[in-house]
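Engineer:
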Amino acid sequence: MTAISLARLERRLKALAKFGALPGGGVTRSAWSPQYEEARAWLIGEIRAAGLEAWVDSAGNVFGGTGIHQFSSAAPVVLTGSHIDTVPEGGTLDGALGVIAGLECLHTIVESGASHRRPLVVAAWIDEEGRYGSLFGSRAFCGMLDAAKIPEMAASDGERLVDVMARAGYDAAKAPDARVDPGAVAGYVELHIEQGPRLEEAGMPIGVVEAIVGVRRTRVTFVGQADHAGTTPMPRRRDGFLAAADYALKARDLVVKKGGDRAVTNFGVVRVHPGVSNVVPARGELIHEMRAPDAALLERLWKECGALARRVAKRREVGLEWHPLSATEPALCAPRVQAAVERAASELELPAMRMYSAAGHDAQNLAKITDSGMLFIPSTGGRSHRIDEWSAPDAIERGANVLLRTLLALAA
Ligand code: GLV
Ligand code: MN
Ligand code: MN
Numbered sequence: 002m003t004a005i006s007l008a009r010l011e012r013r014l015k016a017l018a019k020f021g022a023l024p025g026g027g028v029t030r031s032a033w034s035p036q037y038e039e040a041r042a043w044l045i046g047e048i049r050a051a052g053l054e055a056w057v058d059s060a061g062n063v064f065g066g067t068g069i070h071q072f073s074s075a076a077p078v079v080l081t082g083s084h085i086d087t088v089p090e091g092g093t094l095d096g097a098l099g100v101i102a103g104l105e106c107l108h109t110i111v112e113s114g115a116s117h118r119r120p121l122v123v124a125a126w127i128d129e130e131g132r133y134g135s136l137f138g139s140r141a142f143c144g145m146l147d148a149a150k151i152p153e154m155a156a157s158d159g160e161r162l163v164d165v166m167a168r169a170g171y172d173a174a175k176a177p178d179a180r181v182d183p184g185a186v187a188g189y190v191e192l193h194i195e196q197g198p199r200l201e202e203a204g205m206p207i208g209v210v211e212a213i214v215g216v217r218r219t220r221v222t223f224v225g226q227a228d229h230a231g232t233t234p235m236p237r238r239r240d241g242f243l244a245a246a247d248y249a250l251k252a253r254d255l256v257v258k259k260g261g262d263r264a265v266t267n268f269g270v271v272r273v274h275p276g277v278s279n280v281v282p283a284r285g286e287l288i289h290e291m292r293a294p295d296a297a298l299l300e301r302l303w304k305e306c307g308a309l310a311r312r313v314a315k316r317r318e319v320g321l322e323w324h325p326l327s328a329t330e331p332a333l334c335a336p337r338v339q340a341a342v343e344r345a346a347s348e349l350e351l352p353a354m355r356m357y358s359a360a361g362h363d364a365q366n367l368a369k370i371t372d373s374g375m376l377f378i379p380s381t382g383g384r385s386h387r388i389d390e391w392s393a394p395d396a397i398e399r400g401a402n403v404l405l406r407t408l409l410a411l412a413a
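Numbers 2 to 413, taken from our numbering, label the letters of the sequence shown in order.
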């Protein structure tokens, strides 16, 4: 059985990391940014140089296929991939690994002439990190985009999707046309860094993903009253920020108490209006994110947080705006894909551990249309979504070789 080339894989990872590289390390490469568009053009060149067909769909997803240049139910494909967008000040492996390792596997297969019945395709899904909602490209591909919402989709800095897509030469209204005939996809498997500490702590080289968390994002705004910050007596203030802060602390306690170790929550965006030191905040706005691998638990915690927000608003005599932004459901990985990953790891004498993914991934959308699964490699120190995200080269090599065998087994 052939093996991937770590040198080639690392060369490509390093080349990709230059697009949007930050002076202190790490990368900022948001979907549709000029840095992203340069990386996309580079990737298409690498796909072609590897002897694959390259194409881009109307949502902006990039594909590279063995001998095919479109999806057709007449020749269902086995898909792999991930994403090449990053969070602001992110690392060089989140998403990039799955795309570059997928490309390396297909390159190795084409080069070695390894036999496979089904065509293989590597995908770089656009906007996994959710600049415009969550997992945009794979949602479009899996037929889950709401066309009516596209005109109003905007990033948190206000940039509209229609404008950034037009700048790159795409028509956002056509993004839903990326929907694939589910009969054209015979299976999906994605390699990713774990992004957390569990594999490293367990001393396990490979994680076999059983389920992927659902993620809910809600904009919670407490509406108070602007007032002079010097002259207004403290008891008379209706401070939108303090209500938001009170809610954030209480919601965190609620999720920890009732979610056990299977739910997490975060407040990664906080805005205060008008946002000057001499005005009592009229509005305190939070983006509240919550995750759990269990749909019923996620729904219960979300409802309880809604009731908590109403109680906080009432006690602090401010108004409340509760605006759901996105909701992805937890997904189960296909037993067939899990078994193929486990078999591939065992052929390479690599111990593997079953686990759920605490991060969201495009694989959860693919699970709606095909047998979908993932494998993880350890993240050093559990670090991710930060500039010093890292996995050791031998960990990367092991993961890519497990991916190679899994792809060949699924395509056999
Ligand atoms: C994807 O990076 C996520 O936020 O889980
Ligand atoms: Mn990420
Ligand atoms: Mn990712």
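We put the CB at the ideal spot given by N, CA and C, even for glycine.
Whose CA, out of Ala-169, Glu-305, Gly-134, Pro-234, lies closest to the CA of Arg-253?
Structural biologist: Your numbering for residue 253 matches position 252 in the sequence shown. Selected option, being the one with the closest Cα: Glu-305.
Engineer: When you measure from the CB of Ser-83 to every non-hydrogen atom of ligand 3, does any distance come out below 7 Å?
Structural biologist: On the sequence shown, residue 83 is found 82 positions in, with the first residue counted as 1. Answer for Ser-83: yes, Cβ within range of ligand 3.
Engineer: Within the structure, which residues are defined as neighbours of ligand 1 by a Cβ-heavy atom distance below 6 Å, reported in chain order?
Structural biologist: That query returns the following residues: Glu-130, Ala-360, Gly-361.
Engineer: Leaving out five residues before and five after His-70 in sequence, what residues of the same chain have Cβ atoms less than 6 Å from its Cβ?
Structural biologist: For the purposes of this step, residue 70 is identified with residue 69 of the sequence shown, where counting begins at 1. The answer, listed in chain order, is Glu-54, Trp-56.
Engineer: Does any heavy atom of ligand 3 sit closer than 7 Å to the C-beta of Gly-96?
Structural biologist: The count along the sequence shown starts at 1 and reaches residue 96 at position 95. Yes - ligand 3 has a heavy atom lying nearer than 7 Å to the Cβ of Gly-96.
Engineer: DSSP on Glu-350, reduced to helix/strand/coil?
Structural biologist: Residue numbering aside, residue 350 sits at position 349 when the sequence shown is read from its first letter. Correct three-state label for Glu-350: coil.
Engineer: What does DSSP give as the partner residue(s) for Leu-80 in the beta ladder?
Structural biologist: Working through the sequence shown from its first residue, we reach residue 80 at position 79. According to DSSP, Leu-80 bridges with Val-122, Tyr-189.
Engineer: Can you name, in chain order, every residue of its own chain whose Cβ lies under 6 Å from the Cβ of Leu-299, other than the five neighbours on each side?
Structural biologist: Here residue 299 refers to the residue found at position 298 when the sequence shown is read from its first residue. Excluding positions up to five away in sequence, the list reads Gly-215, Ala-293.
Engineer: Applying the 10 Å Cβ sphere with the 16-neighbour rule, what's the burial state of Asp-240?
Structural biologist: Here residue 240 refers to the residue found at position 239 of the sequence shown. Asp-240 is buried by the Cβ-count criterion.
Engineer: Enumerated in chain order, which unbroken segments of the beta strand (DSSP E) with a length of 3 residues or greater are wholly contained in the region 365-391?
Structural biologist: For the region 365-391, whole beta strand (DSSP E) runs of length 3 or above, ordered along the chain, are 373-378.
Engineer: Note down the Cα distance separating Val-190 from Pro-77, rounded to an integer number of angstroms.
Structural biologist: The residue labelled residue 190 in the question sits at position 189 within the sequence shown. The residue labelled residue 77 in the question sits at position 76 within the sequence shown. Val-190 and Pro-77: Cα-Cα distance of roughly 15 Å.
Engineer: Where DSSP assigns a beta bridge to Arg-355, which residues make up the other side?
Structural biologist: What you label residue 355 is simply residue 354 of the sequence shown in a count that begins at 1. Answer by DSSP bridge pairing, in chain order: Val-209.
Engineer: Ligand 3 and His-70: does any heavy atom of the ligand fall closer than 7 Å to the residue's C-beta?
Structural biologist: Within the sequence shown, residue 70 is the residue found at index 69, counting from 1. No - ligand 3 has no heavy atom lying nearer than 7 Å to the Cβ of His-70.
Engineer: Does at least one heavy atom of ligand 2 sit under 7 Å from the Cβ of Val-88?
Structural biologist: Along the sequence shown, one-based indexing puts residue 88 at 87. Yes, the Cβ of Val-88 comes within 7 Å of a heavy atom of ligand 2.
Engineer: Answer yes or no: the CB of His-193 versus the heavy atoms of ligand 5, is any distance below 7 Å?
Structural biologist: In terms of ligand content, the structure shown lacks ligand 5 and carries ligand 1, ligand 2 and ligand 3 instead.
Engineer: Per DSSP, which one or two residues make a beta bridge with Thr-222?
Structural biologist: Within the sequence shown, numbered from 1, the residue matching residue 222 stands at position 221. DSSP, once it has assigned bridges, lists Glu-286, Glu-322 as partnering Thr-222.
Engineer: Output the distance between the C-alpha atoms of Pro-275 and Pro-236, rounded to the nearest integer angstrom.
Structural biologist: Position 274 of the sequence shown, counting from 1, holds the residue named residue 275. Position 235 of the sequence shown, counting from 1, holds the residue named residue 236. If you take the alpha carbons of Pro-275 and Pro-236, they lie about 20 Å apart.
Engineer: List the whole-angstrom C-beta distance separating Asp-158 from Glu-129, where the pair is believed to meet the contact cut-off of C-beta under 8 Å.
Structural biologist: Sequence index remark: in the sequence shown, residue 158 carries index 157 (1-based). Sequence index remark: in the sequence shown, residue 129 carries index 128 (1-based). Between Glu-129 and Asp-158 the Cβ distance is about 18 Å, and since that is not below 8 Å, they are no contact.
Engineer: Would you kindly work out how many angstroms separate the C-alpha atoms of Lys-369 and Pro-183, rounded to a whole number?
Structural biologist: As a working mapping, residue 369 is identified with position 368 in the sequence shown. As a working mapping, residue 183 is identified with position 182 in the sequence shown. So the alpha carbons of these two residues sit roughly 9 Å apart.
Engineer: So, do the region 131-149 and the region 326-336 have three or more beta carbon pairs nearer to each other than 8 Å?
Structural biologist: Contact between the region 131-149 and the region 326-336 is present, because at least three Cβ pairs lie under 8 Å.
Engineer: With Gly-65 as the anchor, note down where its beta strand (DSSP E) starts and where it stops.
Structural biologist: Numbered from 1 along the sequence shown, position 64 holds the residue referred to as residue 65. 63-66 is the span of the beta strand (DSSP E), which, as asked, contains Gly-65.
Engineer: When you compare the region 98-115 with the region 132-148, are there three or more beta-carbon pairs, one atom per stretch, that lie closer than 8 Å?
Structural biologist: No: fewer than three Cβ pairs fall under 8 Å.
Engineer: Looking only at its own chain, which residues have a Cβ that is under 6 Å from the Cβ of Val-165, when we skip the five neighbours before and after it?
Structural biologist: Taking the sequence shown and counting its residues from 1, one reaches residue 165 at position 164. Trp-33, listed in sequence order.
Engineer: Are three or more beta carbon pairs between the region 401-413 and the region 342-356 nearer than 8 Å?
Structural biologist: Flag = yes, the region 401-413 and the region 342-356 touch.
Engineer: Could you tell me the boundaries of the alpha helix (DSSP H) in which Ala-55 lies?
Structural biologist: By 1-based counting over the sequence shown, the position of residue 55 is 54. Segment 54-57 is the beta strand (DSSP E) holding Ala-55; no alpha helix (DSSP H) there.
Engineer: Which class does Val-277 belong to by DSSP, given the choice of helix, strand or coil?
Structural biologist: As a position in the sequence shown, residue 277 is number 276, starting the count at 1. Three-state DSSP puts Val-277 in coil, outside helix and strand.
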